[in-house]
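Numbering (my numbering), first residue to last: 25 to 223.
Even glycine gets a Cβ: it sits at the ideal position worked out from N, Cα and C.
The block underneath contains the structure these notes are about, expressed in structure tokens.
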DNA sequence: GTTATGATTTACT
DNA sequence: GTAAATCATAACG
């Protein structure tokens, strides 16, 4: 069995690199004594410096994103549209508001429970193929906010790294000529994986 | 105290 | 393909 990633593992000053390395790792939760696991297949990096999409843009510190300003290795849960829980992993050291958004996972363990939670009547692809639903499938709630990822409730297990050939890095659309303003290719996913969202 | 907004999902035409 | 749902957070008065 793979080892739990240590908090220091996340405290890398290159968010994009952490995002890349998170691909293929195993995200685990332990809710009510039941463990569910899923392989991370899609991630997205967020920085508090130059990413307009980030809640921590321009070092804007609020109560909600405060955890992102802390040291890496903690869970940042954000409730979007009032319904969807988005799960982020805080990276980098204290003072740098950077995080990795987990966008897609491939169910490994506890699949039936996931479907039960989601009350799935839909194709399996939608079970965890999206940032909002994967959180729900794993039972992630707002009470996970600020949880350390080396605890017994939620953690990430190490796994064999994904080959570079299988990692797809995407840039934003229509930014080729606007290199200065364009955000870096900070979206990563595993090639030819059915659980990647939005395709 | 009140209002505007969003890192999305789902359903329907 | 497009449109609507829905609520916690943040900013403003």
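Given residue i, which residues of its chain have a CB within under 8 Å of its CB, disregarding the five upstream and five downstream residues?
{"i": "residue 27", "result": "181, 182"}
Tell me, which residues are paired with residue i by DSSP?
{"i": "residue 113", "result": "99, 124"}
{"i": "residue 131", "result": "62"}
{"i": "residue 174", "result": "179"}
Please list the terminal residues of the continuous beta strand (DSSP E) segment that includes residue i.
{"i": "residue 211", "result": "211-214"}
{"i": "residue 51", "result": "50-55"}
{"i": "residue 193", "result": "191-194"}
Here's the rule I'm using: 16 or more other beta-carbon atoms within 10 Å means buried, otherwise exposed. How should residue i be labelled?
{"i": "residue 167", "result": "exposed"}
{"i": "residue 116", "result": "buried"}
{"i": "residue 59", "result": "exposed"}
{"i": "residue 41", "result": "exposed"}
{"i": "residue 185", "result": "exposed"}
Looking at the unbroken alpha helix (DSSP H) that takes in residue i, where does it start and where does it end?
{"i": "residue 286", "result": "The structure shown does not extend to residue 286, since the chain is modelled only from 25 to 223, so the question has no answer here."}
{"i": "residue 224", "result": "This structure does not reach residue 224, given that the chain is present from 25 up to 223, and the question cannot be answered."}
{"i": "residue 151", "result": "149-152"}
{"i": "residue 156", "result": "155-162"}
{"i": "residue 34", "result": "31-34"}
Which same chain residues end up closer than 6 Å to residue i when comparing Cβ atoms and leaving out the 5 residues on each side of it in sequence?
{"i": "residue 121", "result": "72, 80, 92, 93"}
{"i": "residue 162", "result": "53, 60"}
{"i": "residue 49", "result": "64, 180, 183"}
- Do the segment 169-178 and the segment 86-101 touch if we need at least three Cβ pairs shorter than 8 Å? Result yes; three or more Cβ-Cβ pairs closer than 8 Å.
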